[in-house]
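Numbering (the numbering used here), first residue to last: 19 to 580.
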């Protein structure tokens, strides 16, 4: 008997943006959109078994082999150099942007909710001030660089402002000196604990990253320039430049590493930088769609179409960079770029920062931006502001829309409580159809083709959140809950077969691989064979009922073992 096997499609790109780095004793850690990777000596990079994607921060203590990683609203901590991990969720809807540690105390900075502190090695966290500020850098457990300047933690009085204004993007100790990178004033140095600051000669451009080891310091800039100091930041020399912005740097004895925007990781050899990307491939995909003419990927490099044996550029001649994509019921592509929202007939709206597009069968649109949910009903746009207490994270039109007035909003509140809320654009009715706290920020839904929104009988569709799948029941009065086979799995995506009415096939993507049911959820089988990266961000059926899986590092197609 043949068994299902996932086969990888060719990579979209060979290098990724490196957003965080750490190095010690011949080992190195690199964080990217694809997750966390480790390199031992001269071996290729290997992705660590960590469910986190979009890694923004790494902190490490080489003396205790402790590593902390910040991604999304979580912090993962390892006490064995990255072999095993424990995760803690912070009470924030923002992202962890910076991490520091000192003697078992961890400090995390976020992009909208200030700082969080852990006094027990990352097991638990509590809010620790600078509320509402964007924290871009931390050092140890007592310094935080924000969009308003540099702050120091006083155990008795809390945070106090140091004499450094402006946007502080990096902060590090180098011997007895403090080094601070800024957006407008370049690199600054203080030798009196932050009371006074002096500019570092020759390093006046915007700083993205600073790393130190003893009295050595390395600084990378937004224009690709790199600078090295051997005397605690007193004097600096410029190293060869890189072709894109330097986003992270690391020092390990004589090794100098620089992570760059879109071009990956580089190591300095002599007087030139050499790429060090073996094993660091990533899709950089924003979304995966089943277009009538084939599979389409929206990525940071633009649109790509799968031609059966290779990826081809899909150039629609649109201005700006791609931010989101969607499909109409007729199979027409909708694309949001930094210049607006576009369809086949031109620009549909002057919307920016779009992260999601959904289309109804009658042509109505739902567009989610950072600040609001925008609905185009007919040719008229309306707006629902996004609440800070309950954030809309996904939207779906029901198959029966507009007859049932059913727009389903997937929401998140209180950190981990997920809900599905039916909003009626015509009647302005609001009904909470599903509500559950699974300790997860992820929520996915899948709607059977005959589903109609009905507040009296809400349990008519599939919902995945945390490690649970909720099945619809007949006649829809109560949910049937299944706990997935792997206790550590978190549901990331759901998909129904195009022939669901006949074959009853449901596909569930989780952090530990996909599971499939061919009887509407009564029985499940694990189907991860062939996946090198089991984190199923999205499962997609194409028009021919072929199943594809988007992971942070690759796209796979499910076939039969040959």
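We put the beta carbon where it would ideally sit given N, CA and C, even for glycine.
Query	Result
Proximity to residue 33 [Cα-Cα], best of 63, 157, 163	63
Residue burial classification, residue 181 (beta-carbon count within 10 angstroms, cutoff 16)	exposed
Alpha-carbon spacing of residue 124 relative to residue 138, whole angstroms	8 Å
Distance between beta carbons of residue 528 and residue 554, contact taken as under 8 Å	6 Å
Euclidean distance between Cα positions of residue 46 and residue 285	11 Å
Residues sharing a beta bridge with residue 252, DSSP	For residue 252, which the question treats as bridged, DSSP gives no partner whatsoever.
First through last residue of the beta strand (DSSP E) which encompasses residue 55	53-58
Residues bridged to residue 452 (per DSSP)	438
Sequence-distant residues of the same chain with beta carbon closer than 7 Å to residue 260, five excluded per side	242, 244, 276, 278, 284, 291
Residues of its chain near residue 328, where Cβ-Cβ distance is below 7 Å and the 5 sequence neighbours each way are ignored	28
Nonlocal neighbours in the same chain, by C-beta distance under 8 Å from residue 355, ignoring five residues either side	336, 337, 338, 339, 340, 341
Supposed contact pair residue 258 and residue 2 - C-beta distance, whole angstroms, cut 8 Å	With the chain covering 19 to 580 only, the question about residue 2 has no answer from this structure.
Opening and closing residue of the beta strand (DSSP E) in which residue 519 lies	That residue, residue 519, is in no beta strand (DSSP E); its alpha helix (DSSP H) goes 518-521.
Exposure of residue 35, with buried meaning 16 or more beta-carbon neighbours within 10 Å	buried
Sub-8 Å separation of residue 374 and residue 412 beta-carbons	yes
Inter-stretch contact at 8 Å, needing at least 3 Cβ pairs: the region 306-323 / the region 263-275	no
Residue ranges of each beta strand (DSSP E) within the region 393-425, 3 or longer	398-403, 408-415
Given residue 607 as reference, the closest of 208, 432, 39, 216 once Cα atoms are compared	Because the chain spans 19 through 580 in this model, residue 607 falls outside it and cannot be assessed.
Element boundaries [beta strand (DSSP E), containing residue 50]	45-50
8 Å Cβ cutoff met for residue 461 and residue 441	no
Environment of residue 492 [buried if 16+ CB atoms lie within 10 Å]	exposed
Entirely enclosed beta strand (DSSP E) segments - the region 363-388, minimum 3 residues	364-367, 372-377, 383-387
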